[in-house]
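Just below is one structure, and these are the notes that go with it.
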Amino acid sequence: METGESLVRVDLAAESVAYEPVPESWRRDFVGGKGLGARYLYEELEPGADPLGDGNVLLFLTGPLTGYLPGEQRYVVVTKSPLTGAFLDSYAGGEMAGRLAGSLGDNVGVLVSGRADRPVRLEVADGEVSIEPAADWWGLDARETDERAGEAAVACIGPAGENGVAYATIASGGGDHHAGRGGAGAVMGAKRLKALVARDGPPEPDDDLRELRRRYEAAFADDDTGRWQAASETLETLDFANEVGVLPTRGWQEGRFDGAEGIGIEAVRDAAHDRERADDPVPGGFQIEGEDGESVPRGSTPISLGAGLGIDDFDAVATLGSVCDRLALDVISGGNAVAWAIRASQEGLIDRELAFGDEDGARELIAEIASRANPLGTALADGVDAAAAEYGGDDLIPSVKGMALPAYDPRGASAMALAYATSDRGACHRRARPVEVEALGGTDWDDADRVDAVIAEQDRRAVLWSLIADDFFGEALSKTLGADWLAAVGREYDPAELRRVGERVWTLIRLFNCREGFSREDDTLPRRLTEPLQGGPNDGAAIDAAGFEDVLDRYYERRGWDVRGRPTRETLERYGLEDLELDSHHD
Numbered sequence: 062m063e064t065g066e067s068l069v070r071v072d073l074a075a076e077s078v079a080y081e082p083v084p085e086s087w088r089r090d091f092v093g094g095k096g097l098g099a100r101y102l103y104e105e106l107e108p109g110a111d112p113l114g115d116g117n118v119l120l121f122l123t124g125p126l127t128g129y130l131p132g133e134q135r136y137v138v139v140t141k142s143p144l145t146g147a148f149l150d151s152y153a154g155g156e157m158a159g160r161l162a163g164s165l166g167d168n169v170g171v172l173v174s175g176r177a178d179r180p181v182r183l184e185v186a187d188g189e190v191s192i193e194p195a196a197d198w199w200g201l202d203a204r205e206t207d208e209r210a211g212e213a214a215v216a217c218i219g220p221a222g223e224n225g226v227a228y229a230t231i232a233s234g235g236g237d238h239h240a241g242r243g244g245a246g247a248v249m250g251a252k253r254l255k256a257l258v259a260r261d262g263p264p265e266p267d268d269d270l271r272e273l274r275r276r277y278e279a280a281f282a283d284d285d286t287g288r289w290q291a292a293s294e295t296l297e298t299l300d301f302a303n304e305v306g307v308l309p310t311r312g313w314q315e316g317r318f319d320g321a322e323g324i325g326i327e328a329v330r331d332a333a334h335d336r337e338r339a340d341d342p343v344p345g346g347f348q349i350e351g352e353d354g355e356s357v358p359r360g361s362t363p364i365s366l367g368a369g370l371g372i373d374d375f376d377a378v379a380t381l382g383s384v385c386d387r388l389a390l391d392v393i394s395g396g397n398a399v400a401w402a403i404r405a406s407q408e409g410l411i412d413r414e415l416a417f418g419d420e421d422g423a424r425e426l427i428a429e430i431a432s433r434a435n436p437l438g439t440a441l442a443d444g445v446d447a448a449a450a451e452y453g454g455d456d457l458i459p460s461v462k463g464m465a466l467p468a469y470d471p472r473g474a475s476a477m478a479l480a481y482a483t484s485d486r487g488a489c490h491r492r493a494r495p496v497e498v499e500a501l502g503g504t505d506w507d508d509a510d511r512v513d514a515v516i517a518e519q520d521r522r523a524v525l526w527s528l529i530a531d532d533f534f535g536e537a538l539s540k541t542l543g544a545d546w547l548a549a550v551g552r553e554y555d556p557a558e559l560r561r562v563g564e565r566v567w568t569l570i571r572l573f574n575c576r577e578g579f580s581r582e583d584d585t586l587p588r589r590l591t592e593p594l595q596g597g598p599n600d601g602a603a604i605d606a607a608g609f610e611d612v613l614d615r616y617y618e619r620r621g622w623d624v625r626g627r628p629t630r631e632t633l634e635r636y637g638l639e640d641l642e643l644d645s646h647h648d
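Printed below as a string of structure tokens:
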């Protein structure tokens with residue numbers, strides 16, 4: 062029952078839709094999702110293409126197992142990031158993923174190029190894609206757009222994407238789910254593409270897939286990760302980070318938040334209702350009733366908009382999260398932007414009175430960012446690095462490759478420093494999370510252990526995101542990497558071959574980033590992280606700059622990259638990528 066043999070190519074400038082077969086070697090070597098998106102992005106883009114220009118492309122892709130795996134279904138958006146200028150893959154859950162897979166039929170996804178001369182949307186149904194006018198949708202927020210589409214599932218931008226905010230998201234489920242970090246929503250806005258609408262239901266699994274799903278659901282429910290997810294989703298992340306002293310607090314000045322109890326998991330449970338999702342054996346999140354209606358908070362919301370801004374009132378944090386969701390604005394980058402502005406205000410760098418703990422001030426500034434209402438809002442809309450370039454204060458909020466750091470302060474878990482620095486899309490805690498073992502487990506790692514742990518997790522996640530498996534359920538696939546699931550849809554791999562897929566995908570993306578001008582200098586940590594952390598069990602901890610360079614050397618050597626971070630010729634040959642070698646990378 063192998064499916065997904067074609068790609069839909071949409072040229073918005075030419076108003077054309079075409080269907081083309083995916084090269085079989087690409088499907089074999091890159092599987093789907095992240096891997097296949099990376100291969101297309103490398104092929105389609107000219108080096109140095111403007112992320113917001115007509116030359117960039119935007120891919121909406123499902124994986125070979127979308128609609129079948131337990132857990133939350135996901136789709137991926139792949140493009141060149143307007144925030145970082147690097148490769149970007151961003152994932153969203155909810156019903157959109159399964160319905161997109163069902164609506165696409167035998168197509169793996171949609172590649173969008175060009176720019177429409179007016180707002181449009183893409184309608185997907187019965188394996189066909191059409192370009193439809195959307196002028197009357199332009200200006201709507203995520204929830205309003207979702208309502209406009211009726212019974213269909215929608216992936217859309219809000220005002221942030223329309224205004225080109227460099228960390229605008231692509232929202233689905235009315236803003237409950239987001240393809241979040243890196244600004245894919247801004248790329249969509251630049252193309253005048255308001256929404257992708259999926260009209261059909263999810264694909265129907267056959268009896269073999271149903272049985273496989275039943276077995277894995279039972280195993281996952283009894284797994285530590287399954288029990289943790291059922292109990293708290295990602296919202297316990299704040300409590301964990303606070304406990305071990307790596308919670309970024311008040312603009313990355315402290316590692317613990319004295320108001321954490323008011324915004325942690327127990328506060329969420331007190332505010333939640335209707336948690337049962339009868340159609341999903343893995344609980345789908347907490348429903349919170351706010352002043353703008355219901356929302357589903359994620360772990361990043363109380364971290365970035367709560368502890369990060371010094372706000373200890375859960376209702377206030379939930380409201381700020383709902384504002385970002387409706388604007389379709391990344392809560393992590395948005396929270397860091399507001400934190401930067403507060404610290405810049407305290408340092409006298411900007412003429413604006415802002416303070417930690419001020420919900421109203423934060424909400425006002427978020428609206429200014431989404432609308433680019435004034436010079437400060439415009440600068441912050443391009444990211445904390447752009448704001449620092451305009452006003453000063455480049456050491457206020459840490460970032461890597463232009464992306465502000467998310468959930469964990471690496472001064473309290475040094476393996477995370479390497480994970481952030483070498484992440485393919487900028488500072489990201491989802492490419493590898495060794496902090497969960499190193500900090501909470503008290504593991505006594507040496508540098509070689511840290512390198513091995515980061516590489517193993519990066520490669521494993523590259524495979525799982527090529528399948529497009531839910532992060533949590535992906536833990537249940539750690540041994541087989543989904544080989545048994547792929548066999549059930551007619552694609553035969555063994556786990557060793559899939560591990561090699563992960564290595565290949567990671568190498569290809571590194572090659573893409575090198576082609577875009579990235580090198581060792583971009584795999585560095587901001588100066589702020591070499592300064593002592595304040596408070597908590599890691600009080601006084603800091604990243605040793607010289608020691609980090611030694612670890613980075615070890616990482617490059619293990620990856621088969623040269624001292625500047627470029628894959629060597631031998632490495633490219635090992636993964637069958639020698640045809641993509643650029644002489645300028647090997648002078």
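With the working numbering as the guide, the letters of the sequence shown map in order to residues 62 to 648. Cβ coordinates follow ideal geometry from the N, Cα and C atoms, glycine included.
field: Reference residue 264, options 186, 82, 600, closest by Cα
entry: Selected option, being the one with the closest Cα: 186.
query: Is it buried or exposed for residue 341, if we count other Cβ within 10 angstroms and need 16 for buried?
result: Residue placement at residue 341 is poorly supported in this model, since its pLDDT is 42, which falls under 50; the coordinates are not used for a value here.
- request: Please classify residue 540: is it buried, with 16 or more other beta-carbons within 10 angstroms of its beta-carbon, or exposed?
  value: Under a 10 Å Cβ-count criterion, residue 540 is classified as exposed, with fewer than 16 other Cβ atoms of the shown protein chains found around its own Cβ.
- prompt: Going by DSSP, which residues form a beta bridge with residue 651?
  reply: No statement about residue 651 is possible, as the shown extent of the chain runs from 62 to 648 and does not include it.
message: I'd like to check one pair, residue 472 with residue 599: are the Cβ atoms closer than 8 Å?
response: The answer is yes: Cβ separation under 8 Å.
- prompt: Among the residues of its own chain, which have a CB less than 7 Å from the CB of residue 510, if the five just before and after it don't count?
  reply: Closer than 7 Å at Cβ, skipping near neighbours: no residue.
message: So within the stretch 181-233, which uninterrupted beta strand (DSSP E) runs reach at least 3 residues, ignoring any that extend past its ends?
response: Qualifying beta strand (DSSP E) stretches, in chain order: 181-186, 189-194, 214-217, 231-233.
task: Mind checking which residues open and close the alpha helix (DSSP H) that includes residue 130?
output: It is not in any alpha helix (DSSP H) - residue 130 carries neither H nor E in the DSSP assignment.
Residue 148 - partner residues in DSSP beta bridges: Residue 148 is bridged to 141.
- request: Kindly list the residues whose CB is nearer than 7 Å to the CB of residue 81, restricted to its own chain and excluding five residues on each side of it in sequence; keep chain order.
  value: For residue 81, the CB contacts under 7 Å within the same chain, skipping 5 residues up- and downstream, are 67, 68, 70 in chain order.
- prompt: Near residue 445, which residues of its chain fall below 7 Å by C-beta distance, leaving aside the five closest residues on each side in sequence?
  reply: Cβ within range, chain order: 397, 398, 401, 458, 460, 465.
message: Using the Cβ count rule (16 or more neighbours within 10 Å means buried), how would you classify residue 208?
response: With fewer than 16 neighbouring CB atoms inside 10 Å of its own CB, residue 208 falls in the exposed class.
query: Straight-line CA distance for residue 121 to residue 372?
result: Rounded to whole angstroms, residue 121 to residue 372 spans 36 Å at the Cα level.
field: Contact set for residue 297: own chain, Cβ-Cβ below 6 Å, skip 5 residues either direction
entry: Excluding sequence neighbours, residue 297 sits near 326.
Three or more C-beta pairs below 8 Å linking the stretch 160-169 and the stretch 137-148: No, the stretch 160-169 does not touch the stretch 137-148.
message: Buried or exposed, going by whether 16 or more other CB atoms sit within 10 Å of the CB of residue 593?
response: The residue is exposed, with fewer than 16 neighbouring Cβ atoms inside 10 Å.
- prompt: Which residues share a DSSP beta bridge with residue 623?
  reply: Looking at the DSSP assignment, residue 623 forms no beta bridge with any residue, so it has no partner.
query: For residue 112, which option in 627, 577, 567 has the closest C-alpha, if you only look at C-alpha atoms?
result: Out of 627, 577, 567, 577 has the C-alpha closest to the C-alpha of residue 112.
task: Identify whether residue 629 lies in helix, strand or coil by the three-state DSSP scheme.
output: Coil.
field: Residue burial classification, residue 156 (beta-carbon count within 10 angstroms, cutoff 16)
entry: The residue is buried, with at least 16 neighbouring Cβ atoms inside 10 Å.
message: Distance check for residue 370 and residue 319, CA to CA, integer angstroms please.
response: A straight line joining the alpha-carbon of residue 319 with that of residue 370 spans about 12 Å.
message: For residue 252 and residue 169, what's the separation of their Cα atoms in angstroms?
response: Residue 252 and residue 169: Cα-Cα distance of roughly 21 Å.
message: Checking 8 Å against the spacing of the C-beta atoms, do residue 570 and residue 99 come in under that value?
response: In contact: residue 570 and residue 99 (Cβ atoms closer than 8 Å).
task: Report yes or no: do three or more beta-carbon pairs, one from the stretch 373-382 and one from the stretch 192-204, lie closer than 8 Å?
output: Contact between the stretch 373-382 and the stretch 192-204 is absent, because fewer than three Cβ pairs lie under 8 Å.
query: Taking the Cβ atom as the reference point for each residue, do residue 387 and residue 203 lie within a distance shorter than 8 Å?
result: Taking 8 Å as the cut-off, the Cβ atoms of residue 387 and residue 203 count as close.
query: Does the distance from the C-beta atom of residue 181 to that of residue 255 stay below 8 Å?
result: Going by C-beta atoms, residue 181 is nearer than 8 Å to residue 255.
task: May I ask you to report which of helix, strand or coil DSSP gives residue 250?
output: Of the three classes helix, strand and coil, the one that applies to residue 250 here is helix, per DSSP.
query: Cβ of residue 78 within 8 Å of Cβ of residue 174?
result: Not in contact: residue 78 and residue 174 (Cβ atoms no closer than 8 Å).
task: Report the residue ranges of all beta strand (DSSP E) runs contained in full by the stretch 419-487; include only those spanning at least 3 residues, in chain order.
output: None, since the stretch 419-487 contains no complete beta strand (DSSP E) of that length.
task: Between the Cα of residue 104 and those of 87, 94, 73, 92, spot the shortest distance and give me the residue it belongs to.
output: With respect to the C-alpha of residue 104, the residue from 87, 94, 73, 92 having the closest C-alpha is 87.
task: Label residue 564 either buried or exposed according to how many other C-beta atoms from any shown protein chain fall within 10 Å of its C-beta, with 16 as the threshold for buried.
output: When all chains shown are included, residue 564 counts as buried.
- prompt: What is the rounded straight-line gap between the Cα of residue 231 and the Cα of residue 487?
  reply: Approximately 18 Å, taken between the alpha carbons.
message: Given a cut-off of 8 Å on the beta-carbon distance, is the pair residue 250 and residue 234 in contact?
response: No, the Cβ-Cβ distance between residue 250 and residue 234 is not below 8 Å.
task: Take residue 447 and list the residues in its own chain whose beta-carbon comes closer than 7 Å to its own, dropping the five residues that flank it on each side.
output: Taking C-beta separations shorter than 7 Å and ignoring five residues to either side along the sequence, the partners of residue 447 in its chain run 440, following chain order.
query: What number of angstroms, rounded off, separates the C-alpha of residue 403 from the C-alpha of residue 424?
result: Straight across, the Cα-Cα distance linking residue 403 with residue 424 is about 13 Å.
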